[in-house]
Structure formats: structure tokens, C-alpha cells
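Working notes, structure below.
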Amino acid sequence: EESWAATVVGWGLVAVACGSLYFWRRWPVAVAVVSFAATAAYYLSSRYDGPLMVVPIVALYAVAAAGRLKAAVAIAAAMLIGTGAGTLAGNDEINGIALFMLTGWLVGMVALGSMQHGRRAYAEEEARRRATEERLRIARELHDVVGHNISMINVQAGAALHRLKKTADPEDTSVQALTEIKASSKETLRELRATLGVLRQVDEAAPTAPPPGVERLEELAAGARRAGLAVTVETAGAPRPLPAEVDLAAYRIVQESLTNVTRHARGATTATIRLRYGPDELDLSVTDDGRGPAGYAEGTGSGVTGMRERARLLGGQLTAGPRPDGGPGFVVEATLPYENLGAQ
């Protein structure tokens with residue numbers, strides 16, 4: 001009979017060997033080493049045999065499936081040598097048949113794990129290839145359709161402006177409108193080229209042009225002013241460098257909000273952009289004094305949905321709706337954490 005102390009130790013080793021498998025995805029090599037060491041200690045200290053040897057064999061499969069083929073072969077060799085040495089020390093002889101069967105199990109587990117790793121790698125590569133093809137297809141469509149049309153708008157606006165300036169008063173609203181169309185189409189082309197560069201890049205270097213951010217909000221405000229909207233930009237808190245994704249999201253939210261004001265808010269004359277730099281997050285809002293259609297007032301348009309999605313992907317939130325003070329107008333408010341802690 002085995003003493004109670006040896007039994008407790010044996011069960012503890014069983015628990016360690018089996019429990020280590022919980023971490024096989026994160027640390028496959030360490031799990032294989034720990035499970036084999038615990039199994040070896042169990043067989044050396046306990047009078048009872050059992051199927052515990054299955055545990056390090058399963059862990060060996062995990063190592064090979066993780067792509068650590070050299071480590072898997074080394075661990076398999078160590079398991080084979082250790083098992084043979086332990087058998088020889090305990091029985092003064094080696095059971096050749098049992099050792100041969102164990103060798104087959106170890107080789108089989110390494111082979112199966114390696115095959116699984118190869119299949120997974122192939123599936124991931126295939127997914128990347130399809131994603132790349134889709135990005136290139138979208139880039140071609142954007143370039144051929146959107147890029148061409150915007151280029152034509154820019155060229156035609158420039159030509160019309162050139163002819164009109166010869167006969168019209170520089171203060172004429174049509175001259176100002178054409179000037180704004182030409183400037184907006186030029187800026188759109190620049191951003192479209194940057195977007196196409198991101199879509200087309202596979203292994204090449206990323207585009208060198210920096211993406212727009214909050215430092216360019218004044219440019220957005222100036223463009224809206226040329227369209228007849230009185231825009232003010234207010235900043236609270238100490239400005240700080242923002243993560244690139246937060247910087248870009250803030251710019252796009254303000255850009256979309258001002259676009260909605262000029263397109264949908266009837267009678268809008270003013271808009272206020274507010275930025276507040278908090279210790280952990282950036283708060284921004286865009287408020288106007290116009291009246292819009294039902295979908296606009298309820299904040300259910302596709303543009304608002306896109307803004308909400310941008311904020312959500314960063315772990316933040318965005319609300320859009322009538323002004324809380326009951327006055328005419330619409331307000332978009334967003335909170336963007338500096339570190340993404342809440343996105344799923």
C-alpha cells in the first residue's frame with residue numbers, strides 16, 4: 001500500500017500535469033515541459049500506473065500545431081529517452097515493444113500537429129490573398145469611377161472660374177462658389193490618393209503623407225465658412241499628441257458633421273466645434289442652429305451611423321440628435337479614449 005503522503009503528492013502531480021493543458025495555446029512549449037516533468041515525477045514516486053502519459057503526448061501535439069517543430073522533436077526525443085531510462089532503472093530491462101509503440105505515438109502526434117499548423121497557415125494565407133484582391137478591386141473602382149469624376153469636377157470648375165473671372169466681379173457669389181468647388185475637389189483628390197495608397201499597399205512601404213487630424217480642423221472650418229456657415233473652433237484642456245487612429249477619427253467626425261450641416265440643416269447659419277482634452281479621452285462636439293429632415297433630426301442617417309461606428313471601434317461612443325437645451329439645431333457629441341479599452 002502507498003502512504004497517504006505519497007498519494008497526496010501523486011494526486012498533486014496529476015493535477016499539475018492535467019492543469020497545465022489549460023495554457024497550451026499561450027505557452028505550448030512550457031506546457032509540454034511541465035506536463036512531462038510532472039508525469040515523470042508521478043511514475044517515479046507512485047506505485048500505481050495510469051494513463052497520465054497521455055497528457056504530455058497531447059501537449060506535444062500542441063507544440064507541433066503551434067509551428068514549433070524543432071521544439072516538438074526535441075521534446076519527443078527527451079520523452080522517449082526519459083521513458084526508456086526510467087523503465088530501465090525500475091525493471092533492469094527495457095520493454096522494446098512498449099518503447100516502439102511510444103515512439104509511434106510521439107511521431108504521430110508531431111506529424112499531426114505539423115499538418116494542422118500547415119493547414120492553418122494555408123487558410124490564413126488564403127484569407128490574406130483574398131483580402132488583398134478585394135482591396136485592389138476596390139482601389140481600382142475608386143480610381144476609375146470616383147477619381148475620374150472628381151478630377152473632371154476639378155478641371156471644369158477651374159476652367160469655368162478662369163472664364164468667369166474675366167467678366168464677373170471677384171466678389172460675385174458664383175466666383176466664390178466655383179473657388180470653393182475647385183478647392184474642395186482638389187482636397188478630395190488628395191485624400192483619395194492617400195486612401196488608394198493604403199488600399200493598394202501589400203508589402204510595400206506605407207504612404208508617406210500623414211493622415212489628417214485635429215490640427216487641420218481650422219481648414220475644415222474655413223471651407224465651411226466659404227460655403228456661408230459661420231464656424232468657430234473652441235478648445236479646452238491642454239492639447240496633447242493623439243494616437244493616429246484617434247486623431248483621424250476626430251477629424252472625420254467633424255468633417256462629416258459639417259458636411260451634414262451644409263447639406264441637410266435648413267437655415268443653418270452657425271456651427272461650433274468644441275474639443276476638450278481630458279486625462280484619458282478626447283471629447284468633441286459639433287453644434288449647429290439649423291433645421292433638418294426627420295432622419296437628420298433623429299440621427300439615423302448613414303453618415304451618423306458611420307460616425308458611431310468610428311467611435312465604437314476605438315472603444316468610445318457617439319450621440320447625435322436635437323440640442324438638449326430645446327433650441328433649434330442639432331448636436332453631435334463623441335468621446336474617444338486615447339487607449340482602446342472597450343472595443344470588441
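Under UniProt numbering, the first residue of the sequence shown is numbered 1, with each subsequent residue one higher. Note that the Cβ used here is the ideal one computed from N, Cα and C, for glycine as well.
How about residue i and residue j: do their beta carbons lie closer than 9 angstroms?
| i | j | result |
| --- | --- | --- |
| Val304 | Ala250 | no |
| Asp289 | Gly315 | no |
| Ala334 | Ile273 | no |
| Leu220 | Leu164 | no |
| Ala72 | Ala32 | yes |
| Arg128 | Gln176 | no |
| Tyr338 | Leu242 | yes |
Does any heavy atom of the ligand ATP sit closer than 8 angstroms to the C-beta of residue i?
| i | result |
| --- | --- |
| Ala64 | The ligand ATP is not part of this structure, which contains no ligands at all. |
Per DSSP, what are the beta-bridge partners of residue i in this structure?
| i | result |
| --- | --- |
| Pro337 | Glu281 |
| Gln317 | Thr335 |
| Arg274 | Glu234, Ser285 |
| Phe330 | Asp288, Pro322 |
Under a Cβ-count criterion, where at least 16 other Cβ atoms within 10 Å of its own Cβ denotes burial, should residue i be classed as buried or exposed?
| i | result |
| --- | --- |
| Arg120 | exposed |
| His162 | exposed |
| Trp24 | buried |
| Arg308 | buried |
| Arg137 | exposed |
| His332 | The residue you asked about is not His; residue 332 is Val in the sequence shown. Buried. |
| Ile75 | buried |
| Gly113 | buried |
| Gly329 | buried |
| Val286 | buried |
| Asn149 | exposed |
| Val107 | exposed |
| Thr83 | buried |
Please confirm if residue i has its CB atom under 9 angstroms from at least one CB of chain C.
| i | result |
| --- | --- |
| Gly237 | This model lacks chain C altogether, as it is built from one protein chain only. |
At least three beta-carbon pairs within less than 8 angstroms, the region 238-249 to the region 272-282: yes
In chain order, each alpha helix (DSSP H) run of at least 4 residues that lies wholly inside the region 23-49: 28-45
Three CB pairs or more closer than 8 angstroms across the region 12-30 and the region 48-62: yes
Three-pair Cβ contact test at 8 angstroms for the region 148-158 versus the region 176-187: yes
3-residue-minimum beta strand (DSSP E) runs that sit fully inside the region 239-270, ordered along the chain: none
Length-filtered (4 minimum) alpha helix (DSSP H) runs lying within the region 177-236: 217-226
Three-pair Cβ contact test at 8 angstroms for the region 141-154 versus the region 94-108: no
Inter-stretch contact at 8 angstroms, needing at least 3 Cβ pairs: the region 227-239 / the region 186-198: no
Three CB pairs or more closer than 8 angstroms across the region 4-16 and the region 35-46: yes
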